[in-house]
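Report on the following structure.
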Amino acid sequence: NQNEQAVIEYVRWVMVRKSDLNARSPEAVIPKLSESLSVDQLVVPEGLDFSKYDFDLAGEPHRCSDYEIGEKINHVDGVTIEEAEHMLATRLWQNTAKVHFDVSARPEGSRLIYGGHVISMARTLSFNGLANAQMIVGLNGGSHANPCIYGDTIRSWSEVLEKVPTKAPGVSAIRLRLVATKGDAPFELRSADGKYLPDVLLDLDYWALMPA
């Protein structure tokens, strides 16, 4: 920021189109990264206090201690992607890649849905079952497993990976896997060969804060 303080730090892989399809690809360099952020690396907002959290106002009674590690949650609802709303969202996030807007940019003549829109929809759907996962404080990793196009109906499910208390009063950190699919079967992720199933759109690993 203007005070030269780090406000976000991340590592990501970017897809870059080759200008010469026959050119030799460079040798892959894969950095050694930790599997996830530690709880000490999570930035808990100063003054955050969930000791008097209003569960009635939130609309769901579940706190972090109610979830079990390994538990899977079907968020049930679905949302069908429309072209206009996805393009509005893509512009909002200042993504200008033409495959999201120009039907002539892809061989099959369809706009590719921006991955950030899929993340947003999946996170929104996760409130049915994780309403008190109040804020995301760290992304551990993720994959846009398969393309999404307009007309696809997104559904999502979550898996509890880890739970850790924080120093803030009444606040725990919960590590979740969020999976978005365009199929009806929950809790399916990979085939026998370890590859993502064709209906899986997103596999996201993140930390959130919620009442302990």
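The opening residue of the sequence shown carries number 1 in our numbering; numbering runs sequentially from there. All residues carry an ideal CB built from backbone N, CA and C; glycine is no exception. Small disclaimer: the values here were computed from a predicted structure and weren't measured.
At which residues does the beta strand (DSSP E) containing residue i begin and terminate?
i: Met-135; result: 135-144
i: Met-15; result: Counting along the chain, Met-15 falls outside any beta strand (DSSP E), and DSSP gives it neither H nor E.
i: Ser-158; result: 153-165
i: Leu-171; result: Here residue 171 is Val; the residue named in the question, Leu, does not match the sequence. Looking at the DSSP string, the run of the beta strand (DSSP E) that includes Val-171 is 171-181.
i: Leu-202; result: 200-211
Taking 8 Å as the limit between beta carbons, can you name the residues of its chain near residue i, skipping five residues before and five after?
i: Tyr-196; result: Ser-143, Ala-145, Asn-146, Leu-189, Arg-190, Asp-203
i: Gln-41; result: Gly-138
Buried or exposed for residue i, please, with buried defined as at least 16 other CB atoms from any protein chain shown within 10 angstroms of its CB.
i: Tyr-67; result: buried
i: Gly-115; result: buried
i: Met-121; result: buried
i: Val-39; result: buried
i: Arg-12; result: exposed
Who are the Cβ neighbours of residue i in its own chain at under 7 Å, not counting the five residues just before and after it?
i: Asn-132; result: Ala-58, Glu-60, His-62, Arg-63, Met-210, Pro-211
Could you name the residues of the same chain whose beta carbon sits closer than 6 Å to that of residue i, not counting the 5 residues immediately before and after it, in chain order?
i: Gly-70; result: none
Beta carbon of residue i: closer than 8 Å to some heavy atom of the ligand GTP?
i: Tyr-196; result: No copy of the ligand GTP occurs in the structure displayed, which carries no ligand at all.
Taking just the CA atoms, how far does residue j sit from residue i?
i: Thr-181; j: Val-200; result: 4 Å
i: Val-99; j: Ala-105; result: 5 Å
i: Pro-31; j: Lys-18; result: 22 Å
Would you kindly report the start and end of the unbroken alpha helix (DSSP H) that includes residue i?
i: Ser-120; result: 115-125
Can you check the region 22-86 for any beta strand (DSSP E) of at least 3 residues that lies completely inside it and give the ranges in chain order? List check, beta strand (DSSP E) in window: 72-80.
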